[in-house]
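Peer 1:
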Amino acid sequence: MKRWLLILILMPCIAFGQQTYVPDDNFEQKLINLGYDTGPLDDFVPTANISSVINLFIGSSNISDLTGIEDFASLSDLSCWGNQLTTLDVSQNTNLIQLDCSGNPLTSLNVTGLTALMWMYTDFCQLTSLDVSTNISLEELDFEVNQISSIDLSNNTALISLYCTLNQLTSLDLSLNTALEFLMCRDNQLTCLNMRNIDQQNMTGFIAYNNPCLYCIEVDDPIWATANWTPSGLNIDPIASFSVNCPGNCISSGNGYPLTMNICQGDSLLAGGSYQTNTGTYYDTLLTINSCDSIIVTALTVLPVTTNAISYDICQGDSLLAGGSYQTNTGTYYDTLLTINSCDSIIITILTILPVTTNPVSYTICQGDSLLAGGSYQTNTGIYYDTLVAANSCDSIIITILTILPVTTNPVSYTICQGDSLLAGGSYQTNTGIYYDTLVAANNCDSILITSINVLPVTTNPISYTICQGDSLLAGGSYQLNTGIYYDTLVASNSCDSIIISELTVYDNPVIQLSSDTSIVLGTNLDLFSSGASTYLWSTGDTGTSINVAPTQTATYSVTGSNIQGCSSASMMTVTVSMAFNFYIPNIFSPTSNQLDNKRLYVYGANIKALELVIYDRWGNMVFQTTDASESIRQDGHCCRYGEGWDGTNKNNGKELNSGVFAYKLRVSIMNVEEIFESGNITLIKR
Numbered sequence: 000m001k002r003w004l005l006i007l008i009l010m011p012c013i014a015f016g017q018q019t020y021v022p023d024d025n026f027e028q029k030l031i032n033l034g035y036d037t038g039p040l041d042d043f044v045p046t047a048n049i050s051s052v053i054n055l056f057i058g059s060s061n062i063s064d065l066t067g068i069e070d071f072a073s074l075s076d077l078s079c080w081g082n083q084l085t086t087l088d089v090s091q092n093t094n095l096i097q098l099d100c101s102g103n104p105l106t107s108l109n110v111t112g113l114t115a116l117m118w119m120y121t122d123f124c125q126l127t128s129l130d131v132s133t134n135i136s137l138e139e140l141d142f143e144v145n146q147i148s149s150i151d152l153s154n155n156t157a158l159i160s161l162y163c164t165l166n167q168l169t170s171l172d173l174s175l176n177t178a179l180e181f182l183m184c185r186d187n188q189l190t191c192l193n194m195r196n197i198d199q200q201n202m203t204g205f206i207a208y209n210n211p212c213l214y215c216i217e218v219d220d221p222i223w224a225t226a227n228w229t230p231s232g233l234n235i236d237p238i239a240s241f242s243v244n245c246p247g248n249c250i251s252s253g254n255g256y257p258l259t260m261n262i263c264q265g266d267s268l269l270a271g272g273s274y275q276t277n278t279g280t281y282y283d284t285l286l287t288i289n290s291c292d293s294i295i296v297t298a299l300t301v302l303p304v305t306t307n308a309i310s311y312d313i314c315q316g317d318s319l320l321a322g323g324s325y326q327t328n329t330g331t332y333y334d335t336l337l338t339i340n341s342c343d344s345i346i347i348t349i350l351t352i353l354p355v356t357t358n359p360v361s362y363t364i365c366q367g368d369s370l371l372a373g374g375s376y377q378t379n380t381g382i383y384y385d386t387l388v389a390a391n392s393c394d395s396i397i398i399t400i401l402t403i404l405p406v407t408t409n410p411v412s413y414t415i416c417q418g419d420s421l422l423a424g425g426s427y428q429t430n431t432g433i434y435y436d437t438l439v440a441a442n443n444c445d446s447i448l449i450t451s452i453n454v455l456p457v458t459t460n461p462i463s464y465t466i467c468q469g470d471s472l473l474a475g476g477s478y479q480l481n482t483g484i485y486y487d488t489l490v491a492s493n494s495c496d497s498i499i500i501s502e503l504t505v506y507d508n509p510v511i512q513l514s515s516d517t518s519i520v521l522g523t524n525l526d527l528f529s530s531g532a533s534t535y536l537w538s539t540g541d542t543g544t545s546i547n548v549a550p551t552q553t554a555t556y557s558v559t560g561s562n563i564q565g566c567s568s569a570s571m572m573t574v575t576v577s578m579a580f581n582f583y584i585p586n587i588f589s590p591t592s593n594q595l596d597n598k599r600l601y602v603y604g605a606n607i608k609a610l611e612l613v614i615y616d617r618w619g620n621m622v623f624q625t626t627d628a629s630e631s632i633r634q635d636g637h638c639c640r641y642g643e644g645w646d647g648t649n650k651n652n653g654k655e656l657n658s659g660v661f662a663y664k665l666r667v668s669i670m671n672v673e674e675i676f677e678s679g680n681i682t683l684i685k686r
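Pasting the structure below:
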């Protein structure tokens, strides 16, 4: 059953450049028809036009040579059935998933390295062999009607369907093809078929009849196979049966069973009708129950018995394993072993015993010295042995008799202060310790003067100080104003120095930047700004970088700023207050207005301390009078309006007045300024 792989064909753009050699005119014409070449026939096709082709269908095109197919780098589906191909090599088309080259007189097909190939159809060809060992993704294989006598499918573990009808197969081992679901392998010369490890009940088809010498098929479940795969069902021949373990186990070649036998030199084996003692291949022909020949092929190898003569020299006192035990005497010994081929291997050992020499010597050394003897440096009286290698490679033993002479010692103790020194151990010493001076005693050995020195510490007391610029600190014998390290040396309780180390850091005072002296009009306010420090304290008690002031008279403000080191400095500025005494009264108003400030007639201005407003009608009669100088904020948020305001009524009787023109007199007293008088007309409008 062939599978059709549907993949979009990407038509490459026509490009000029590298050319692919296509010597077969019918192949080139087919590529022209498919639009991959523009013609005329010239044995070349633009490589760029074919390198991205995925599907290529060129069946029944009378093509005899597919040279150039190797440049179809993206090809995944090749259908070239029904042509005149005798050889086909697609090993460079590594993206192939499906190959159909059936119906060609093929005698050679190379699919090596096509690990992605899943479906391959080579039926109705003339192949005598087929290598699919590298096609590990193969799921369906059809090589029916060929002349193949053997095939190895052990690497094709994904194989699901196998069609091998009408070939020359004598043996077929499918025991590793555990995914197999369909087998069509009738009309062969099978003598052995191994279907172990395959799920028989999951198979959708099993056809193996017309194999007249196949009398035993290996399966996992012979009972199920016997019941379901029968001659009447055209599954098997009547002579065939099922077994878990058939004779020969599918290793047959032709109709025979090869045997590999090894014997040792001097032994014999019955093969080829007689007992054989020489290496060779021997044949025995038997007759099976179905009259088919069963040829036993015996490959006989006669393994030699080896001998190995070895000479050893050992030293007196050593031993060597030879002749079945440890030997200590000169002689020839024999050991018979089994080689890896299980034949005899005779080891002949020629043993020679070499003598050991000795050499005694005496030495006298002083206590504290050492002598290399007995393999290490020795410091005690005694006898020591050193084993060396003589000229004959055996031991040469040196016996050393060692005598140790005593060394005299004289211990003394001294105490000094750190910084002082004492002559000991050959030089002036400044550190606590034990020092040795070596003199020569009467026995020519050392007389050692042991000086124990105790160095009392000079105590140091490091202290860190920080001051601000302008301050001072007593250190180093005087008052210090600058950053530095200062030393004061005192006498400690152990009579040694006690050094006070004062590490002084002088921090700069902050430079305060303050707003310059300025002046404002009485009644207004002013923001004062300061910078140059980390924290601030104003004379007003505020602590921010700025303050808002509204003095009523000239005033001086100061700020003290401190940096992160705690140093501070101050700055001040003066705000001069001047008077502004503008005032006015509107010349028109309407009690019915939507604007609150227009409903009444107010006096507007700033810094008014007292006022008197009198309003007369056109006949000179007083209709309103007020001395109310209370201050309030105008509707627009600005300062200021004064008094209760006139609402357009006659204060004498409370009646509303009609629209008209009225006269007014205004007297105001401005802060710190004499009284000011003003008069004019006012228009009252009523809607």
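Following numbering that gives the first Met the number 0, the numbering of the sequence shown begins with 0 at its first residue and continues without gaps.
Built from N, CA and C at the ideal position, the CB exists for glycine as well.
Is Leu168 closer than 8 Å to Ile147 when the C-beta atoms are compared?
Peer 2: yes
Peer 1: Skipping 5 residues on each side, what residues in its chain have a beta carbon closer than 7 Å to that of Asn481?
Peer 2: Val505
Peer 1: What three-state label does DSSP hand Gly679 in the structure shown?
Peer 2: strand
Peer 1: Label Met194 either buried or exposed according to how many other C-beta atoms from any shown protein chain fall within 10 Å of its C-beta, with 16 as the threshold for buried.
Peer 2: Burial call: buried.
Peer 1: Using the Cα positions of Thr458 and Thr414, report the straight-line distance between them to the nearest angstrom.
Peer 2: 16 Å
Peer 1: Can at least three beta-carbon pairs, one atom from the stretch 191-206 and one from the stretch 221-238, be found at a separation below 8 Å?
Peer 2: yes
Peer 1: Leaving out five residues on either side along the sequence, give the residues of the same chain with a beta carbon under 6 Å from the beta carbon of Ile684.
Peer 2: Ser589 and Ser658
Peer 1: Tell me, please, whether the CB atom of Gly367 is closer than 8 Å to any CB atom in chain D?
Peer 2: The structure shown contains no chain D, having only a single protein chain.
Peer 1: In whole angstroms, give me the CA-to-CA distance for Leu472 and Gly483.
Peer 2: Roughly 11 Å between the two C-alpha positions.
Peer 1: Which same chain residues end up closer than 7 Å to Ser73 when comparing Cβ atoms and leaving out the 5 residues on each side of it in sequence?
Peer 2: Ser50, Ser51, Val52, Ile53 and Asn94
Peer 1: Among Gly636, Ser90, Ile632 and Lys650, whose alpha-carbon lies nearest the alpha-carbon of Val613?
Peer 2: Among Gly636, Ser90, Ile632 and Lys650, the Cα nearest to that of Val613 belongs to Lys650.
Peer 1: In angstroms, rounded to a whole number, what distance separates the CA positions of Ile382 and Ile309?
Peer 2: When rounded, the distance between both Cα atoms is 40 Å.
Peer 1: Can you determine whether any heavy atom of the ligand COA sits closer than 7 Å to the C-beta of Tyr208, and answer yes or no?
Peer 2: Here there are no bound small molecules, and the ligand COA is not part of this structure.
Peer 1: Report the CB separation of Ser318 from Thr327 in whole angstroms; it is logged as a contact under 8 Å.
Peer 2: 5 Å
Peer 1: Assuming Glu217 and Asn176 form a contact by the criterion Cβ under 8 Å, report the distance between their Cβ atoms to the nearest whole angstrom.
Peer 2: Their Cβ separation, rounded to whole angstroms, is 13 Å, which puts Glu217 and Asn176 out of contact at 8 Å.
Peer 1: Reducing DSSP to helix, strand and coil, say where Gln315 ends up.
Peer 2: coil
Peer 1: Take Met183 as the anchor and find which of Glu143, Trp618, Ser545 and Asp219 has the nearest alpha-carbon.
Peer 2: Glu143
Peer 1: For the pair the stretch 117-131 and the stretch 94-106, tell me if three or more CB-CB distances fall below 8 Å.
Peer 2: yes
Peer 1: Starting from Ala224, trace the alpha helix (DSSP H) both ways and give me its first and last residue.
Peer 2: Counting along the chain, Ala224 sits inside the alpha helix (DSSP H) bounded by residues Pro221 to Asn227.
Peer 1: Output yes or no for whether 8 Å exceeds the beta carbon distance between Leu370 and Leu404.
Peer 2: Not in contact: Leu370 and Leu404 (Cβ atoms no closer than 8 Å).
Peer 1: Helix, strand or coil for Ala115, going by three-state DSSP, please let me know.
Peer 2: coil
Peer 1: Using CA coordinates, which residue listed in Tyr583, Lys654 and Ser426 is at the minimum distance from Val687?
Peer 2: The first residue shown for the chain is 0 and the last is 686, placing residue 687 beyond what the model contains.
Peer 1: Could you pull the start and end residues of the beta strand (DSSP E) that Asp141 belongs to?
Peer 2: Glu139 to Asp141
Peer 1: Can you tell me which of Thr276, Gly424, Gln28 and Asn443 puts its alpha carbon nearest to the alpha carbon of Asp436?
Peer 2: Gly424
Peer 1: Excluding the 5 residues preceding and the 5 following Ser567 in the sequence, name in chain order all residues of the same chain whose CB lies nearer than 8 Å to its CB.
Peer 2: Cys467, Asn508, Pro509, Ala532, Thr559, Gly560 and Ser561
Peer 1: Which of the three DSSP states, helix, strand or coil, is assigned to Ser59?
Peer 2: coil
Peer 1: Which residue from Ser592, Pro585, Tyr485 and Tyr208 puts its Cα closest to that of Asp236?
Peer 2: Tyr208
Peer 1: Are the Cβ atoms of Leu600 and Trp645 separated by less than 8 Å?
Peer 2: yes
Peer 1: With distances taken Cα to Cα, identify the nearest neighbour of Arg617 among Tyr663, Trp80, Val574 and Pro550.
Peer 2: Tyr663
Peer 1: Going by DSSP, which residues form a beta bridge with Val490?
Peer 2: Asp496
Peer 1: Going along the chain, which unbroken runs of the beta strand (DSSP E) with 3 or more residues stay wholly within the stretch 141-168?
Peer 2: 160-162
Peer 1: Using CA atoms only, rank isn't needed, just tell me which of Ile519, Ser529 and Gln315 is closest to Pro550.
Peer 2: When only C-alpha atoms are compared, the closest one is Ile519.
Peer 1: Run the CB neighbour count on Arg633, radius 10 Å, all protein chains shown included, and call it buried at 16 or more, exposed below.
Peer 2: exposed
Peer 1: Which whole-angstrom value is the C-beta distance of Val660 and Thr682, which I expect to be below 8 Å?
Peer 2: 5 Å
Peer 1: Tell me the residue span of the beta strand (DSSP E) that contains Ile49.
Peer 2: Where Ile49 is concerned, there is no enclosing beta strand (DSSP E), although the alpha helix (DSSP H) it sits in stretches over Thr46 to Ile49.
Peer 1: From Asp445 to Val406, what distance separates their C-alpha atoms?
Peer 2: 5 Å
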